[in-house]
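This note's numbering puts the first residue of the sequence shown at 202, with every later residue one more than the last. Here's the structure, in C-alpha cells; my notes come after.
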Amino acid sequence: MKNVILITTGGTIDADPYPENPAAAPFNAIFSQTASAAAKELSEIISKEHPDIVCNHIAYSAKDSKNITDEDIKKLAVLILQHFKETPDRILITCGTDRICEIAQKIKDYLPDLPCPVIFTGALIPLANGPISDGTNNLEQALFAKPDAKADIYIAIDGFFTDPRLIYKDFQQRKFVLKEA
202 MKNVILITTG GTIDADPYPE NPAAAPFNAI FSQTASAAAK ELSEIISKEH PDIVCNHIAY
262 SAKDSKNITD EDIKKLAVLI LQHFKETPDR ILITCGTDRI CEIAQKIKDY LPDLPCPVIF
322 TGALIPLANG PISDGTNNLE QALFAKPDAK ADIYIAIDGF FTDPRLIYKD FQQRKFVLKE
382 A
C-alpha cells in the first residue's frame, strides 16, 4: 500500500476532550480545533511505521454524525468518487460513531462499484483525551488491517473490520458488536 486518502468528517475522534466520566460526555461532539487530530495522528502512525505511504488529507466537515444530513452523505459520495482518479490503495473516512454504520451503508448504496477498499473509522473517546482514546488503534486498524481486503465499504472500529451491515453500536455498553445471524 502506497497511496492513502483520509477524509475527515468530524465525530468524536476529532472532538474536544471528553470529561473523565463517560456519562458526562456531551450529546454532540464539540470541535474547537482548526486542524484534524485524526489527520495528525495518522501522519504520525505513517511516519513511524510506514514512511513509504503517501497520505492525502481532505477535511470534508467537522460535524457530529447526528448532524450529518442525507445531502452531506451524497456530497461525501461524490467526493469519494472524485478521488478515485488518484488511484488510492485505500480510502479512510473518519466519522462519528453514533451513525457510522448507517452512513457507511448509504455510501455503499451510492457507490456499489469501488476501485479500492473504503474504510470508515472513528472513536468512542476523542484523540484529544490522549492515551485513553481508542482513536489511534482504530486508525491503525483502518490503515493496516486486512491488506488484501477487496474493494468494498468496511468499518474498522473496536477491534472489528467488517461490512457495515454486520455491526452496530450498542449505546448502553458503549461499544460495537456484531449482529447475530
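Where a beta carbon is used, it is the ideal one built from N, C-alpha and C, also for glycine.
Please classify residue i: is it buried, with 16 or more other beta-carbons within 10 angstroms of its beta-carbon, or exposed?
| i | result |
| --- | --- |
| ASP349 | exposed |
| ILE333 | exposed |
| GLY331 | exposed |
| ARG366 | exposed |
| ASN339 | buried |
| ASP265 | buried |
| LYS370 | buried |
| PHE372 | exposed |
| LEU328 | buried |
| LEU293 | buried |
| ALA236 | exposed |
If distances are taken between C-alpha atoms only, which option among the options comes closest to residue i?
| i | options | result |
| --- | --- | --- |
| VAL298 | LYS203, LEU379, PRO220, ASP359 | Residue identity differs from the one stated: residue 298 is Thr in this sequence, not Val. For THR298, the nearest C-alpha among the options comes from ASP359. |
| ASP335 | LYS249, ASP271, THR295 | THR295 |
| ILE368 | GLN374, GLY331, THR322, LYS380 | LYS380 |
| SER244 | PHE372, THR363, GLU341 | GLU341 |
| PHE362 | LEU325, PHE321, PHE285 | PHE321 |
| ALA324 | ALA346, ILE274, ILE301, PHE345 | ILE301 |
| ILE274 | ASP364, CYS317, PHE285, GLN306 | GLN306 |
| THR288 | ALA357, GLU272, CYS317, ILE304 | CYS317 |
| ASP290 | ASP271, ILE308, ILE304, PHE345 | PHE345 |
Tell me the DSSP secondary structure of residue i in three-state form.
| i | result |
| --- | --- |
| LEU243 | helix |
| CYS296 | coil |
| TYR355 | strand |
| LEU207 | strand |
| ILE466 | Nothing about residue 466 can be reported from this structure: the residues present for the chain run from 202 to 382 only. |
| LYS376 | strand |
| TYR219 | coil |
Whole angstroms are fine: how far does the CA of residue j sit from the CA of residue i?
| i | j | result |
| --- | --- | --- |
| PRO313 | ASP353 | 8 angstroms |
| ILE269 | GLU221 | 26 angstroms |
| LYS203 | LYS351 | 16 angstroms |
| ILE214 | ALA343 | 13 angstroms |
| LYS241 | ASP310 | 30 angstroms |
| LEU315 | ALA216 | 30 angstroms |
| VAL378 | PHE285 | 31 angstroms |
| LYS267 | GLN374 | 19 angstroms |
May I ask you to check if the CB of residue i is nearer than 7 angstroms to at least one heavy atom of the ligand COA?
| i | result |
| --- | --- |
| ILE294 | Judged by which ligands are present, the structure shown has none, so any question about the ligand COA falls away. |
Spell out a yes or no on whether the stretch 256–274 and the stretch 203–220 are touching, meaning 3 or more CB-CB pairs, one atom from each, closer than 8 angstroms. yes
Spell out a yes or no on whether the stretch 239–254 and the stretch 275–289 are touching, meaning 3 or more CB-CB pairs, one atom from each, closer than 8 angstroms. no
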